[in-house]
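Sequence lines, in order, name chains B and S. If you count the first sequence from 1, position 185 lands on 185 in our numbering, and the numbers rise without skipping. If you count the second sequence from 1, position 8 lands on 1008 in our numbering, and the numbers rise without skipping. In this text, a Cβ means the ideal position worked out from N, Cα and C, and glycines have one as well. Being a predicted model, the structure only gives us computed values, none of them experimental. Notes follow the structure.
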Amino acid sequence: MKMQEDNAIIALIRAGDKEAYRQLVERYQQKVFQTCMGFVHDEEDAADLSQDVFIRAYEKLSSFKGEAQFSTWLYRMTTNVAINFVRKRKFRSLFQRMDVGTSGAQIKSGEGADAHVLRTEQKKLLKQAIARLTSSQQKAFVLSHYQELSNQELADVMGLSLKAAESLLFRARARMQTTLKKMVKL
Amino acid sequence: MNCSVFEKELLAHQHKVELGLDARLHADSCLHCRLLAQSQQTLLSAVADEKLVRVPPFLSTRVMADLNNREMTVHSYRVWKPALQVAAVLLALVGGYSGSVLMDQGSAIDDFSAVLSDYFLMDEPGLSIEEGWLYSESYENE
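Structure (structure tokens):
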């Protein structure tokens, strides 16, 4: 049903009704934003990245053939754009000597100092653990944990077989555990 | 339960660490495994925390405005493109003409000074010019 609705909206856009694209954006913006958060861990960056993803998706809509679900196509684009953004940021930080790993945890209204410190530490741990994954493992982890995609959906988005997607996800979790083990080593 | 089995069990927890009785007993007796379970829980809590963040309002408005701006830029470029092309050609023509005029002026000054030096500074002013004119091939051919 959702796939048919998406395809109907896409047909409208292709017919020249650009405003119809707003419906697609509103339908998927939270999911795209969440995925971006999984990669950049910063609300402002995630919002900018989401905007970038939707602009690119609109520009590349002609390449969407409608064989797969629009969401699958969109999530694949989101992960690719996000990975590229993270790579560029890492490259820039080499020259700017900015510690991007500690930014992004702003004090929420009504949040105590202790809670803020705890949340900052949590975020730091998460960033470090995700940063040690390969690009494919990062994609698998974010799509599974942030988007809560099933393994089959994950396989579709990543263009893998179900077995390969399951294996990739397992390796991502195992690698994260290894990172955590190193961190807690006594 | 040993540490290896504990770690395998921990891997199975995707969204929240909820240890079974055996695992809890092991964690009570093994500091390393207890810390590992705590750090995994911390990590999963951070994921849950980030998942709660809502998309900023007006994202769709920002996207649509950006798309319209891009189209306006392309559209205005399309409108101005022929005018810009004509202006570029005209500029090239005017520039070329001005350049040639300036060069001519420069050479004309040089010619004038050559005539002056020839006419007044030689022993028989004007003679060489007159001779040059009188015995030139063009004169003879006429």
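Go through its chain and collect everything with a Cβ distance to residue i's Cβ below 6 Å, but skip five positions before and after it.
i: Met3(B); result: Gln69
i: Ile13(B); result: Ala20, Tyr21
i: Phe85(B); result: Leu49
i: Leu169(B); result: Ala140, Ser144
i: Ser135(B); result: Ile83
Suppose you measure from the CA of residue i to the CA of residue j; what does that come to, to the nearest Å?
i: Leu160(B); j: Leu1044(S); result: 25 Å
i: Ala140(B); j: Arg1070(S); result: 33 Å
i: Gln34(B); j: Arg132(B); result: 20 Å
i: Ala1046(S); j: Gln137(B); result: 18 Å
i: Pro1056(S); j: Lys90(B); result: 25 Å
i: Ala174(B); j: His116(B); result: 29 Å
i: Arg187(B); j: Gln23(B); result: In this structure chain B extends from 1 to 186, so residue 187(B) is not present and cannot be described.
i: Glu1009(S); j: Ala1023(S); result: 8 Å
i: Leu74(B); j: Ser1039(S); result: 33 Å
i: Val142(B); j: His1026(S); result: 30 Å
i: Gly112(B); j: Leu1011(S); result: 32 Å
i: Leu125(B); j: Ala164(B); result: 27 Å
i: Gln122(B); j: Met1001(S); result: 28 Å
i: Lys60(B); j: Asp1066(S); result: 15 Å
i: Ile9(B); j: Leu1091(S); result: 48 Å
i: Glu148(B); j: Lys1051(S); result: 10 Å
i: Tyr28(B); j: His1015(S); result: 23 Å
i: Asp1049(S); j: Leu162(B); result: 29 Å
i: Gln30(B); j: Glu166(B); result: 25 Å
i: Met183(B); j: Gly38(B); result: 21 Å
i: Ser63(B); j: Ala1083(S); result: 34 Å
i: Asp156(B); j: Val1063(S); result: 27 Å
i: Asn1068(S); j: Gly1095(S); result: 38 Å
Among the residues of its own chain, which have a CB less than 7 Å from the CB of residue i, if the five just before and after it don't count?
i: Tyr58(B); result: Tyr21
i: Gln51(B); result: none
Between which residues of its own chain and residue i is the CB-CB distance below 8 Å, once the five residues before and five after are set aside?
i: Tyr146(B); result: Gln34, Thr35, Met37, Gly38
Proximal residues, the region 133–164 of chain B versus chain A, C-beta separation under 8 Å: The chain inventory of the structure shown lacks chain A, comprising the protein chains B and S.
Interface positions of the region 1020–1052 of chain S facing chain B (Cβ-Cβ less than 7 Å), listed along the chain: Leu1031, His1032, Leu1035, Leu1036, Ser1039, Gln1040, Thr1042, Leu1043, Ser1045, Ala1046, Val1047, Asp1049, Glu1050, Lys1051
Contact residues within the region 44–57 of chain B, judged by C-beta distance below 7 Å to chain S: Ala47, Ser50, Gln51, Phe54, Ile55
Within 8 Å of chain S by C-beta, residues of the region 112–127 of chain B in sequence order: Per Cβ criterion, the list reads Arg119, Glu121, Gln122, Lys123, Leu125, Leu126.
Sequence ranges, alpha helix (DSSP H) only - wholly within the region 63–151 of chain B, length at least 4: 70–96, 113–131, 135–145
Chain-ordered residues of the region 4–24 of chain B with a beta carbon less than 8 Å from chain S: Lys18, Glu19, Tyr21, Arg22
Start-end ranges of the beta strand (DSSP E) lying completely within the region 1022–1073 of chain S, minimum 3 residues: none
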